[in-house]
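With our numbering as the guide, the letters of the sequence shown map in order to residues 271 to 617.
Using N, Cα and C, we set each Cβ at its ideal position, and we do this for glycine too.
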Amino acid sequence: NSLNQLAHTLNDLDFCYATLNKVSRSFALVIQQLPQPLKDSVCIFYLVLRGLDSVEDDMIYPQDKKIFLLRNFYNNLLIDNWSITGVGDTEDYRILLENFGKIINVFKSLDTKDQSIILDITRQMGSGMAEYIGKTGSIETVTSYNLYCHYVAGLVGHGLSVLFAHSGLEDTDLHVHEHLSNSMGLFLQKTNIIRDYLEDLQAGRTWWPKEIWQNYATDLDEFIKTPNREQSLECLNHMVMDSFNHVPDVINYLGRLKHRKILEFCAIPQVMAMATLVELYNNPLVFTSVVKIRKGLTCKLMLNCSTLNEIHAWFYFFTTNIEHKIPKHTNVNTNHMHELVDRIKKL
Ligand code: PS7
Ligand code: MN
Ligand code: MN
Ligand code: MN
Ligand code: MN
Ligand code: MN
């Protein structure tokens, strides 16, 4: 594995960036254009949480040991050269955890306030993830779904807002709007959960809340066999609509940002999630494969996401696209979707 070779030859900071580029598609690009010292803090924040998530996602690691490791993961950031072997859901993440001492070294060099934010969010995310271990496959309510998404993504939004505020490049009270930071994370995470329907079910887990899918099926995996059925698509559209509820908050949050590079960092993943949601809406392929957005669209989008005007134009564009995909028959869901679309178009 190429990352394994790099682990022996690179200094700690270069190893961190090599790993970032290896494991994340879009985040590597937007993180690396941030100004220093914010860039290094966000890079380490990302890698620490990736390490934590790869523990959560390791379906072979015994449950009791996993719960302990998740809950105590943040403490390891304070132990020089801490690492763990043989844990992680893919080879790259195992290498990340085997070389975690390198990440700890760079972590120690960060601003102390940034270190304490990263520690605090890692602690809260780890205990939140632990709460949901074994519960997966049985998220009952939309409230519980929102809480899980808060733990794994809303908290990241909040932590990033604190980092931005502390950098002096954004309003000092940006993080006060916790509800908006939370929505920024939830919008990304819910899009990931909808898109990963099949992959997650095949791994023996799901985060689709029963409160939603029970209106359309007796078991969630029915949709794999009946992807084109009206009930299957109605359920999918209901899930997409639930994510779409966060769009007004996302637009509100982005409108508060001052620094062009921070705006790009925040906006690009949100606009990509928006593009993905449009693709997922009413699309039976969600139940049988992994739906992705076109490479060309991703490029165009990343290159034209630098001003609030451009960002608003993308939100408007994708909102009219999804509007055209709303089924012609009317029911409570299509009505709500039209209302949301009309509301977002006026923002
Ligand atoms: C900008 C105010 C520190 C940048 C960015 C790693 C991605 C892995 O991929 O289903 O299917 O395996 O297991 C708000 C990112 C929320 C979080 C959550 C935006 C850290 C990130 C660990 C807030 C990202 C949402 C996916 C938990 O679960 O994934 C602003 C930086 C952001 C990481 C993400 C990720 C969970 C996740 P996959 P899973
Ligand atoms: Mn994961
Ligand atoms: Mn996960
Ligand atoms: Mn996922
Ligand atoms: Mn709100
Ligand atoms: Mn309409």
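Original post:
Which residues count as close to ligand 4 when the rule is a CB under 5 Å from any of its heavy atoms, in chain order?
Top reply: Here the residues come out as N462, D466.
**OP:** Going by CA-CA distance only, name the one from V602, L439, I403, I494 that's closest to Q306.
**Re:** The closest CA to that of Q306, considering only V602, L439, I403, I494, is found on L439.
Original post:
For E410, which three-state DSSP category applies?
Top reply: Coil at E410, not helix or strand.
Original post:
With contact counted as at least three CB pairs below 8 Å, one residue from each stretch, are the region 568 to 580 and the region 532 to 548 in contact?
Top reply: yes
**OP:** Go through its chain and collect everything with a Cβ distance to S296's Cβ below 8 Å, but skip five positions before and after it.
**Re:** I538, P539, M542, T568, M572
Subject >> Local conformation of I596 per DSSP, three classes >> reply: coil
Original post:
Is the CB of H449 under 8 Å away from at least one CB in chain D?
Top reply: Going by chain labels, chain D is absent from the structure shown, which holds only one protein chain.
Original post:
Under the three-state reduction of DSSP, which class applies to A487: helix, strand or coil?
Top reply: Coil.
Original post:
Do the CB positions of A288 and L276 come within less than 8 Å of each other?
Top reply: The Cβ atoms of A288 and L276 lie closer than 8 Å to each other.
Original post:
Measuring CB to CB, does G398 end up less than 8 Å from A423?
Top reply: no
**OP:** Return yes when the Cβ of L366 is within less than 8 Å of the Cβ of T354, no when it is not.
**Re:** Before going further, note that residue 354 is Ile rather than Thr in the sequence given. In this structure, I354 sits away from L366, with a CB-CB distance that is not shorter than 8 Å.
Original post:
Going by the C-beta, is V362 closer than 7 Å to any heavy atom of ligand 3?
Top reply: It should be pointed out that residue 362 corresponds to Asp in this sequence rather than to Val. No, the Cβ of D362 stays beyond 7 Å of every heavy atom of ligand 3.
Original post:
Taking Cβ to Cβ, would you say S431 is nearer than 8 Å to D384?
Top reply: no
Original post:
Quick one: does the C-beta of V560 sit closer than 7 Å to a heavy atom of ligand 1?
Top reply: no
Original post:
Going by C-alpha distance, which of V561, W584, T558 is nearest K570?
Top reply: W584
**OP:** Confirm the yes/no value for this check: CB of R320, any heavy atom of ligand 1, distance under 7 Å.
**Re:** yes
Subject >> F493 to L417 span [Cα, whole Å] >> reply: Looking at the two C-alpha atoms, the distance is approximately 25 Å.
Original post:
What residue does the alpha helix (DSSP H) around E361 start on, and which one ends it?
Top reply: 361 to 368
Original post:
Out of curiosity, what's the CA-to-CA distance linking C505 and E326?
Top reply: 27 Å
**OP:** Pick out the complete alpha helix (DSSP H) segments inside the region 375 to 440, 4 residues or longer, and give them in chain order.
**Re:** 382 to 402, 412 to 419, 425 to 437
Subject >> Check whether E410 and P479 have beta carbons under 8 Å apart >> reply: yes
Subject >> Beta-carbon separation (whole angstroms), T392 vs V318, contact threshold 8 Å >> reply: 6 Å
Subject >> Burial state of A473 (16 or more Cβ within 10 Å) >> reply: exposed
Original post:
Whose C-alpha, out of K460, N271, R364, G429, is nearest the C-alpha of H447?
Top reply: Nearest neighbour of H447 by Cα position, chosen from K460, N271, R364, G429, turns out to be G429.
**OP:** Note the first and the last residue of the continuous alpha helix (DSSP H) segment covering Y316.
**Re:** 308 to 327
Original post:
Whose CB is closer than 6 Å to a heavy atom of ligand 2? List the residues in chain order.
Top reply: Ordered by chain, the residues meeting the criterion of a beta-carbon within less than 6 Å of a non-hydrogen atom of ligand 2 are D323, D327.
Subject >> Cβ-heavy atom distance, P539 to ligand 1, below 7 Å >> reply: yes
Original post:
So what's L648 in DSSP terms, helix, strand or just coil?
Top reply: A question about residue 648 goes unanswered here, because the residues of the chain that appear run from 271 up to 617.
Subject >> Straight-line gap, I563 to L380 (C-alpha atoms, nearest Å) >> reply: 36 Å
Subject >> The alpha helix (DSSP H) enclosing C505, as first and last residue numbers >> reply: 500 to 514
**OP:** Using the Cα positions of V520 and V426, report the straight-line distance between them to the nearest angstrom.
**Re:** 14 Å
Original post:
How big is the Cα-Cα spacing for R526 and N553?
Top reply: 34 Å
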